Structures are given as structure tokens and as C-alpha cells.
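Trainee:
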Amino acid sequence: MLAGGEGRRLAPLTRDRAKPAVPFGGTYRLVDFALSNLVNGGVLRVAVLTQYKSHSLDKHIAQTWRMSPLFGNYVMSVPAQMRLGKRWFEGSADAIYQNLNLIAEEAPDYICVFGADHIYRMDPGQMIDAHIASGAGVTVAGIRVPREQANRFGVIEPDPGSKRIRRFVEKPAEAAGLSDSPDEVFASMGNYVFTADALVNAVVEDAKREDSRHDMGGDIITHLVERQEAGVYDFNANAVPGSTERDRGYWRDVGTLDAYFEAQMDLISVHPIFNLYNAEWPIHTWYGSLPPAKFVFDDDGRRGVALDSIVAPGVIVAGGSVRRCIVSPGVRVESGARVESSVLMNDVTIGEGAVVMRTIIDKGVHVPAGAKIGVDPEHDRARGFVLSDDGVVVIGKHDRVVA
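Going by the numbering used here, the first residue of the sequence shown is number 3, and it counts up by one from there.
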């Protein structure tokens with residue numbers, strides 16, 4: 003699993019942590035979604051390659067993702083070790099090249115290379131079976147997206163009448179539609195299944211190229227496409243147990259603040275676009291030993307209530323109102339406070355009478371009594387808050403807020 007990205011576009015949420023460690027959905031980290039898919043699908047030996055600001059990610063993996071050693075199963079974080087010289091990973095392909103010893107020790111026939119920071123459900127076993135049946139060196143998971151969005155993704159152009167990839171282009175200005183759906187293209191999900199020899203040979207050859215960016219998509223996949231050794235797997239064909247027609251095929255790249263915020267909001271409708279409550283394919287995590295959430299006071303102007311929201315354990319809504327929010331463990335909302343369409347991370351406190359609208363507040367922030375956030379953009383900017391392109395206010399971890 004590739005988990006070394008800086009996540010610059012998610013700053014300030016990535017100021018003190020790697021992107022895969024960013025909290026999501028109240029109790030989870032982004033990495034939990036990809037790891038849950040692998041583990042639920044029977045892939046039980048996972049190396050998570052980390053690099054930037056990896057402490058909280060390493061800690062989360064060590065505390066949460068312990069597997070039984072009885073059958074040789076594990077999820078382990080592997081930091082950049084400078085095994086091949088005094089340099090960090092110089093790209094996702096180089097991260098694998100510098101850790102070829104892990105492959106040599108396990109001697110697998112097939113290897114999944116998945117990203118660590120997308121929100122989706124997928125049974126990797128079905129993709130592995132499709133890859134083995136294809137005889138390809140690599141199979142790339144593709145999701146159908148509108149053709150006009152092609153410039154946002156790596157685009158897969160399949161060979162007509164086959165599942166082999168004819169062309170792979172990063173963020174093209176123009177792209178041909180699919181033969182069975184001219185208004186759609188296949189976007190790469192950043193998930194690959196390799197025949198082990200094909201992966202090892204490809205990264206070894208790539209390491210010798212001085213003109214390479216050492217990128218899995220732009221270099222390794224492109225190289226294998228040119229050799230006609232790459233196939234595509236249609237994500238729409240993946241049937242996850244317990245999925246519904248509404249959330250089947252859901253996949254979000256949460257690489258920007260607005261995409262991250264919108265994906266959080268996808269969780270809270272009556273019939274959510276992404277359903278966290280699928281017990282047949284659970285998203286696994288661990289958030290400590292916490293008491294149940296509590297809602298107190300029932301007076302006019304002082305009523306503890308949460309509507310259309312996800313409220314984690316350890317939360318106390320003490321006379322405030324919460325609507326369309328993700329509320330993480332340890333949050334406290336005081337009397338008369340109003341929080342709407344917002345994401346509150348662990349141990350945030352909203353003071354009496356405060357108003358918070360369309361805001362992401364990172365861990366440990368105290369919003370003082372009477373403060374207003376997300377109401378006046380100019381006032382928010384004057385206080386040094388980050389505003390996304392769509393006007394969502396973002397307050398960093400432990401940042402000081404003044405009224």
C-alpha cells in the first residue's frame with residue numbers, strides 16, 4: 003500500500019500528519035478504507051509504505067491493525083529506510099523499488115499495489131481473479147467518469163473488444179469515450195494487481211532511467227501498456243456484499259479540501275451515498291475506550307440535539323444544536339451553540355452561543371463563547387483561517403481561535 007504522499011492540497015489538515023492519517027467519518031482515518039477492503043477481501047499480508055510526517059499513521063497502524071501472527075498475517079508500516087543510498091523515495095515506483103526485499107522474502111505470485119487515501123468499497127479478490135484469468139502483467143482498476151472530467155484523472159483507453167489497455171494518458175485535455183458508453187471514460191483508481199515478475203522487472207528497469215519520474219501511473223503503467231501487458235478491470239463489475247444500488251460503485255479521491263468536505267457530507271443523508279452501516283463489509287478502525295454520546299438539557303434556547311449527523315462516542319452535546327455534521331470522539335457543544343454542515347474532529351469544544359457553519363475544525367481546537375465561524379468570509383480570512391475554493395473554512399490542529 004502506497005501511503006507516502008504529502009497531501010499538500012489538504013493543508014492545514016496535513017500540517018502534522020500524512021494524508022492517509024487524516025481523520026474521516028468521525029472515527030476513521032483515510033487509510034482504514036483501503037485496508038478494510040484488502041482485509042475483508044482476504045489479502046492479509048500488507049506492507050504500508052510511509053514517508054512524510056508518518057508518526058500518527060505509524061501509530062494508528064500499530065494500535066489498530068494488529069493481525070494474528072499464527073498464520074503469518076500482518077499489516078506493517080514500512081518507513082523510507084534508505085536501503086539503496088541516502089535518499090528518500092523519489093516516487094511511488096521508487097518506493098517499491100527500494101523495498102524489493104519485502105517481495106523477495108514473501109515470494110508471492112501476485113501483488114496488489116493500492117493507494118491509501120481514497121474512500122470506497124471494493125472486493126480485491128474479484129479483481130485478483132480477473133487479473134489471473136487475463137494473463138496480463140498488470141491489471142488497472144478503472145472507474146467510469148463523465149468524459150468532460152477526463153482532465154482530472156489518468157485515463158485508460160481500452161482496446162475495442164478486449165480488456166487490454168491500448169493507451170494510458172495522465173489528465174488529457176481530450177479523451178475518446180468508451181465503445182459501450184461514448185460519454186464516459188475509464189479513470190484510473192490508482193489500484194493495481196501485478197504478476198510479481200512483471201512488477202519487479204518494471205521497477206528495476208524504471209530505476210535505471212534518468213528521465214523517469216518513477217511514478218506508478220505515469221511511468222510503470224505507461225511502460226507496460228506500451229508492451230501490451232496491461233489490462234483494465236471495470237470497478238462497476240465489483241460486487242461488494244451488502245452494497246446497495248445507491249452506494250455501489252462509490253469512489254472518491256479526497257485530495258482537495260472541497261472533495262474531502264463533500265465526501266464527509268455524503269455520509270449523513272437518510273439514504274447515504276456511501277453507507278458506513280454495511281455490516282457485511284465493515285470499515286474497521288479503533289478509537290479507544292469511550293463512553294456513549296450524550297445529549298443534555300431540554301429548555302427553550304438550551305436544547306441538546308443532533309439531526310442528520312454522525313455523532314461518535316465520547317461526545318457531549320450540552321444544550322447546543324448540531325445539524326448535518328460529522329462529530330468525532332470527545333467533542334463538546336455547549337449551551338446555545340449552533341453547528342451546521344461542519345466536520346468537528348477529536349476533542350473540539352464549541353463554546354456557549356458560538357455559531358459554526360460549513361467549517362472543518364481539526365483536533366483540539368476550542369471555539370470560544372459567542373464566536374462566529376463560516377458566517378463572514380472576510381472576518382474568517384482576517385483571523386488567518388484557510389478557506390477552500392468553495393468557501394469551506396478550515397482550522398488546523400490546536401489552532402487558537404479568537405471571537
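Glycine included, every Cβ here is placed at the ideal spot set by N, Cα and C.
This one's a predicted model, so the numbers in the text were calculated from it and none came from an experiment.
1. With a 10 Å radius around its C-beta and 16 neighbouring C-beta atoms as the bar for buried, classify R10 as buried or exposed.
2. Determine the DSSP secondary structure at E186, reduced to helix, strand or coil.
3. Do V345 and V403 have their C-beta atoms within less than 8 Å of each other?
4. Just to check my reading of the structure: A261 and L226 have Cβ atoms closer than 8 Å, yes? What is that Cβ distance to the nearest angstrom?
5. Determine, using beta carbons only, whether S337 and R304 come nearer to each other than 8 Å.
6. Would you identify the three-state DSSP class for M124, choosing helix, strand or coil?
7. For V181, which of helix, strand or coil comes out of DSSP?
8. Thinking C-beta only, is V377 closer than 8 Å to I352?
9. So, with DSSP's three-state summary, where would you put L104?
10. Would DSSP call L461 helix, strand or coil?
11. In terms of residue numbering, what span does the beta strand (DSSP E) encompassing P174 cover?
12. Compute the distance between the beta-carbons of F196 and V142, then report whether it is under 8 Å.
13. Quick check: the segment 49-56 against the segment 13-31, are at least 3 beta-carbon pairs closer than 8 Å?
14. Please classify L15 as buried or exposed, where buried requires at least 16 neighbouring CB atoms within 10 angstroms.
15. Considering Cα atoms alone, identify which of N348, S323, C327 and T66 is closest to V333.
16. Taking the alpha carbon of R229 as the reference point, which residue from A204, E186, A36 and S183 has its own alpha carbon closest?
17. When you compare only the Cα positions, how much space is there between A138 and F276?
18. Do G7 and A314 come within 8 Å of each other at the CB atom, strictly closer than that value?
19. Can you name the start and end residues of the beta strand (DSSP E) that Y112 belongs to?
20. In this structure, does DSSP put G233 in helix, strand or coil?
21. With DSSP as the reference, identify every bridge partner of Y289, one or two as the case may be.
22. For E354, I'd like the list of residues in its chain whose CB is within less than 6 Å of its CB, leaving aside the five on either flank, ordered along the chain.
23. Decide if V396 is buried, meaning its Cβ has at least 16 other Cβ atoms within 10 Å, or exposed.
24. Among V171, V33, Y112 and D208, which has the Cα closest to the Cα of A97?
25. Any idea which residues DSSP pairs E159 with across the strands?
26. Have a look at the DSSP bridge pairing and note the partners of L4.
27. Which term fits T52, buried or exposed, when burial requires 16 or more other beta carbons within 10 angstroms of its beta carbon?
28. As an exercise, report each continuous beta strand (DSSP E) stretch of at least 3 residues that is fully enclosed by the segment 127-153, in chain order.
29. Bridge partners for P25 per DSSP, in chain order?
30. Straight-line CA distance for S343 to D382?
Mentor: Working from what's here:
1. exposed
2. In the three-state reduction of the DSSP assignment, E186 falls in the strand class, which pools E and B.
3. Cβ atoms of V345 and V403: not closer than 8 Å.
4. That belief does not hold up - the Cβ atoms of A261 and L226 are roughly 29 Å apart, past 8 Å.
5. yes
6. coil
7. According to the sequence as given, residue 181 is Ser; it is not Val. Residue state for S181 is assigned as coil, using DSSP reduced to three classes.
8. no
9. L104 falls in the helix class under three-state DSSP.
10. Outside the displayed span of the chain (3 to 405) sits residue 461, for which this structure offers no information.
11. Following the DSSP letters along the chain, one finds P174 in no beta strand (DSSP E), marked with neither H nor E.
12. The answer is no: Cβ separation not under 8 Å.
13. At 8 Å Cβ cutoff, the stretches touch.
14. buried
15. N348
16. A204
17. C-alpha separation (whole angstroms): 32 Å.
18. no
19. Residue range Y112 to V115 is occupied by the beta strand (DSSP E) that includes Y112.
20. strand
21. The beta-bridge partner set that DSSP reports for Y289 is empty.
22. E336, S337, G338 and A371
23. buried
24. Of the candidates V171, V33, Y112 and D208, the one whose C-alpha sits nearest the C-alpha of A97 is D208.
25. R169
26. L51 and G117
27. It counts as buried.
28. The segment 127-153 contains these whole beta strand (DSSP E) runs: 140-148.
29. Note: P25 sits in a beta bridge opposite R31.
30. 17 Å
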